[in-house]
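A quick write-up on the structure given underneath.
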Amino acid sequence: MRILLTTLSSIVLIYALMCMVRIILTWIPNLSYSPFTRFLSSICDPWLNIFRGKKWLTMGSFDFGPAVAISILGAVSALLRGFTTGFHFGHLLALIAGLVWNIASAVIVFIVILLIIRLITILVSKNPYSNTMFEQIDRSVSSLVGNITRTFTGGRAVSYKAQLITAIISLIVIDIIGFFVFGIICNLFEAIPF
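Going by this note's numbering, the final residue of the sequence shown carries number 200, and the count climbs one at a time with no gaps.
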């Protein structure tokens, strides 16, 4: 039974890696229609499409659905592997809590990186608002950045650069606090004796 569970865990993990490669290849136009990409598409897209385009997983033009799909596969792989080492209910709860935090943290880190890149372009570019890509980023994050800034400014008007800095610092603090809070929660779940 242990061998079967270990094998299934490995298969799910390999599938998750294939889905990750599939997503990366969509970013490379020259490889989008290669035979290998079409092969991966036929295998991975049925799973990835379940999560694509969900309103609660999108922010502007950014779709976090595929990242959630891969994270779930990783959790399933860990779950199957856990059954081989005396798995218990508390471990399942800890795994679910860890999955929720890993997804949330990955999204936060992605947004922080995006905001840092945008802040750098404002600081070094002579005309930081003329680029189409920058406009797309601004449209995607403006609502989030504005909401975070208003929490600290009480609605007082501040520059976009100041808004970005405020959002970056706030999200980093949230990520750090979340790391410790979910760590405590996972430890409490692991301590459940059944």
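For every residue, glycine included, the Cβ atom is placed at its ideal position computed from N, Cα and C.
Q) Below 8 Å, can you find three or more Cβ-Cβ pairs linking the region 21 to 30 to the region 73 to 80? A) yes
Q) Ends of the alpha helix (DSSP H) at Ser111? A) Position 105 of the sequence shown holds residue 111. Its alpha helix (DSSP H) spans residues 95 to 130.
(Q) Do Val147 and Gly80 count as a contact pair if the criterion is CB distance below 8 Å? (A) Stepping through the sequence shown from its first residue, residue 80 is reached at position 74. Stepping through the sequence shown from its first residue, residue 147 is reached at position 141. No, the Cβ-Cβ distance between Gly80 and Val147 is not below 8 Å.
Q. What residues in its chain sit with their C-beta under 7 Å from that of Asp69, if we drop five residues either side in the sequence?
A. Position 63 of the sequence shown, counting from 1, holds the residue named residue 69. So the list reads Arg58, Gly59, Leu63, once near-sequence residues are dropped.
Q: Along the alpha helix (DSSP H) that carries Pro72, what are the first and last residues, could you check?
A: Counting from 1 along the sequence shown, the entry for residue 72 is found at position 66. Per DSSP, Pro72 belongs to the alpha helix (DSSP H) from 71 to 88.
Q | Leu177 beta carbon less than 8 Å from that of Val118 | A | What you label residue 118 is simply residue 112 of the sequence shown in a count that begins at 1. What you label residue 177 is simply residue 171 of the sequence shown in a count that begins at 1. Yes. Within cutoff.
Q: Could you tell me the distance, in whole angstroms, from the CA atom of Ile154 to the CA atom of Arg162?
A: Taking the first residue of the sequence shown as 1, we reach residue 154 at position 148. Taking the first residue of the sequence shown as 1, we reach residue 162 at position 156. Approximately 12 Å, taken between the alpha carbons.
**Q.** Range of the contiguous alpha helix (DSSP H) that encloses Met7
**A.** Taking the sequence shown and counting its residues from 1, one reaches residue 7 at position 1. Element bounds for Met7: n/a, residue is neither H nor E.
(Q) Comparing C-alpha positions only, which one of Leu121, Leu14, Thr157, Lys132 sits nearest to Gln142? (A) For this step, residue 142 is matched to residue 136 along the sequence shown. Ranking Leu121, Leu14, Thr157, Lys132 by Cα distance to Gln142 puts Leu121 first.
Q) Are the region 39 to 59 and the region 104 to 119 in contact at 8 Å, needing three or more beta carbon pairs? A) no
(Q) What would DSSP say about Phe68, mapped onto helix, strand or coil? (A) Here residue 68 is taken as the residue at index 62 of the sequence shown, counted from 1. Three-state DSSP puts Phe68 in a strand.
Q. Roughly how many whole angstroms lie between the Cα atoms of Ile198 and His94?
A. Indexing the sequence shown from 1 puts residue 198 at position 192. Indexing the sequence shown from 1 puts residue 94 at position 88. Looking at the two C-alpha atoms, the distance is approximately 9 Å.
**Q.** Buried/exposed call for Val179, threshold 16 Cβ in 10 Å
**A.** Taking the first residue of the sequence shown as position 1, residue 179 is located at position 173. By the 10 Å Cβ count, Val179 comes out exposed.
Q) Using CA coordinates, which residue listed in Arg87, Ile78, Gly160, Leu10 is at the minimum distance from Gly104? A) For the purposes of this step, residue 104 is taken as residue 98 along the sequence shown, with counting starting at 1. That would be Ile78, whose Cα lies nearest to the Cα of Gly104.
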